[in-house]
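Worksheet: the structure to be examined is printed underneath.
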Amino acid sequence: MRVTNSMITRNSMKNMNSNKVNVDILNNQMTTQKKISRPSEDPVIAIRALRLRSNLHELEQYYERNIPDAQSWIEVTESALKNMQSILDDIYTQCNNGSNDTLNQQNRADILKNLQSLRQQVYSEGNADYAGRHVFTGYKTNKQLTFAGDDKEIAYEITEKISYKDIEEKRYYSNSVEVPNNQLEVLPGVPIGDMPKEFVNDRIRLSYEQTGELNADDLTYYDKERERWRSLGDMQIDGDYVGVVTDMTYDEWAAQDFYVDDKDVIYFKETGELILGKDVASHLASNKTELSITYTKQGFNEGELRPEHYFDCKDITDPDHPIEYTKENQEIKYNIAFQQDITVNTQASDVFDAAIGRDIDELTNAVQAAIAAHDKVDKIKAMQKEAQYSDPASQEALGQWLEAAEKEAVYADDNMQKLYSRGVGKFQKYKDNVTLARTDLGSRENRLKLTENRMSNQQATFEQLKSRNEDMELSDIIIQYTAAYNAYQASLQASSKANGQTLLNYL
């Protein structure tokens, strides 16, 4: 085959260009330390790079954003629960102290002071927030658990479910002693019939006091036989229908010596109570009956629970535009790994029982009543020593006043002791709820830490795989670049010699 000079020239140019391209490619690799600069250079590496980068981006989202956010949420919740448990421990201690029957006035005053202080804090931990989102209020993270201030205009229609387990004894007292201020008030004394009296009734306490008017049909029970809710007035006990009284005031009832018919239920909006006749209470308990009551409440005080976090209810402040709330499980989940979620929130209704506040109020009222009763005794004893009451008639009358005051003090002490003894059990249950919530939260936090460690390892692994797929070692590039550059220089020298002489030089 005849080889011409033009063929040699073309082949030389082609070889030189190929070597030059290799030098250019290696020069780019040396500059970027990447295997390819465009997908067309190696489609396999390009596709693998896209997949690895996508996975690594997801891992970064989990490890650097979602997991730290979930961890912070859980830490805020844990701190609030820890404080709540400390508060309940203190109240539990006060219940133990109050159940003692050897208290003096200083002991009672100490208990009262501690309870008043704790009452202000009891629900405040439920308002804990993380980055402006309240951690105990489910999906309603923009709302506090409690009212931030007194609001007398806001109104709700609340449907509260009540269990037969909520039936409890309550003691009521009449003929409270009013200490006389002068001899005219002293001399009539206290007739036997006007001495303080104690009455014990069964009651169910609602979550709020100072509620609105109630229709009898708004108080229902679940009829297990018919499997539907029915008006409590349709319930029969020994052939008689239950009587539902809703139009009696608390003061009217007190004037009747707290009497309730055995088959009646009395609703008091002032105290938020349902007073049960003995037959009704026994029937509800023996049949394990569930009740439901729908009532209204207008005006809430600072620190009171917002109903939407606990009950099915309606905000009826604007009657033309009511806002309806349905109580449901509202778990907030964070995606912390591939196809793995974790619940970060604890719901207030599982920890901050709506009855805690009212229990503390009753404990406070009981110790205040005991303090006041003993103050009356001390004041009447002091009056007996005053000169203006030294005459026999005054002394006899003061003896009757003292007897009445001492009887009231005995009742107050007995009520306080029983109420605080019952409080020991109640607040132990509240403490157990918080402990259970903390245990559950701790298990979730442990899961989160395990996932965080796994995501950290996976991120390092994917970073390594990405580097192996895309990156080149500088030392390897330099060796290859040097070889390619030498080949390019050799091709230039060979081409210059091959194309320097032609056939004409020999003619």
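So the sequence shown is residues 1 to 507, counted in the working numbering. Beta carbons are placed, not taken as given, at the ideal position from N, Cα and C, and that holds for glycine.
query	result
Segment contact flag, the stretch 292-307 with the stretch 142-150, C-beta cutoff 8 Å, min 3 pairs	yes
Assumed close pair D151, Q417 - CB separation to whole angstroms, cut-off 8 Å	In fact, because the Cβ distance is near 37 Å, the residues do not count as touching under 8 Å.
Segments assigned beta strand (DSSP E), at least 3 residues, entirely inside the stretch 181-226	197-205 and 219-223
Supposed contact pair S292 and W253 - C-beta distance, whole angstroms, cut 8 Å	Between S292 and W253 the Cβ distance is about 24 Å, and since that is not below 8 Å, they are no contact.
Closest residue to G149 among E302, R447 and H57 (Cα-Cα distance)	E302
Neighbourhood of A370 by C-beta, 6 Å cutoff - its chain only, sequence neighbours within 5 removed	R108, A412, D413 and M416
Close Cβ partners of L232 (< 8 Å) along its chain, the five nearest in sequence each way excluded	A216, L219, T220, Y221, V242, V244, V265 and L291
As assigned by DSSP and simplified to three states, the class of G243	strand
Boundaries (first-last residue) of the beta strand (DSSP E) holding Q298	E290 to F300
Beta-carbon spacing of L115, I360 below 8 Å	yes
Exposed unless 16 or more other CB atoms sit within 10 angstroms - verdict on F338	exposed
Spatial distance of I522 from D223 (CA atoms)	Residue 522 is absent from the structure shown; the chain starts at 1 and stops at 507.
Inter-residue spacing [alpha-carbon to alpha-carbon] between P39 and A46	5 Å
Collapsed DSSP secondary structure at Y156 in the structure displayed	strand
Limits of the beta strand (DSSP E) - the one that N335 falls within	K333 to A337
Per-residue burial, N201 [other beta carbons within 10 Å of its own, 16 or more giving buried]	buried
Per-residue burial, P68 [other beta carbons within 10 Å of its own, 16 or more giving buried]	exposed
For I360, the three-state DSSP class (helix, strand or coil)	helix
Cβ neighbours of N83 in the same chain (closer than 6 Å, five flanking residues each side left out)	E125
CB contact flag (V280, K263, <8 Å)	yes
Straight-line Cα distance separating A366 from N182	29 Å
Status (buried if at least 16 other CB within 10 Å, exposed otherwise) for M7	exposed
G98 versus I111: straight-line alpha-carbon distance, rounded	7 Å
First and last residue of the uninterrupted beta strand (DSSP E) at K170	E168 to S174
Simplified DSSP state of Y267, which is helix, strand or coil	strand
Status (buried if at least 16 other CB within 10 Å, exposed otherwise) for K376	buried
Assigned secondary structure, D440 (DSSP; H/G/I helix, E/B strand, else coil)	helix
L492 beta carbon less than 8 Å from that of M13	no
Where K161 falls: helix, strand or coil (DSSP)	strand
Beta-bridge pairing of H134 - partner residues as DSSP gives them	D129
Whole-angstrom C-beta distance between G239 and V260, which should lie under 8 Å	About 20 Å separates the two Cβ atoms, so there is no contact after all.
Proximity winner among E273, T289 and G357, relative to E227 (alpha-carbon distances)	T289
Residue from K165, A255, H374 and I356 with nearest C-alpha to S286	K165
Proximity winner among V190, I162, E452 and R454, relative to E178 (alpha-carbon distances)	V190
Start-to-end residues for the alpha helix (DSSP H) that takes in D89	I67 to G98
Member of V424, L448, T435 and L441 whose CA lies at the smallest distance from the CA of D341	L448
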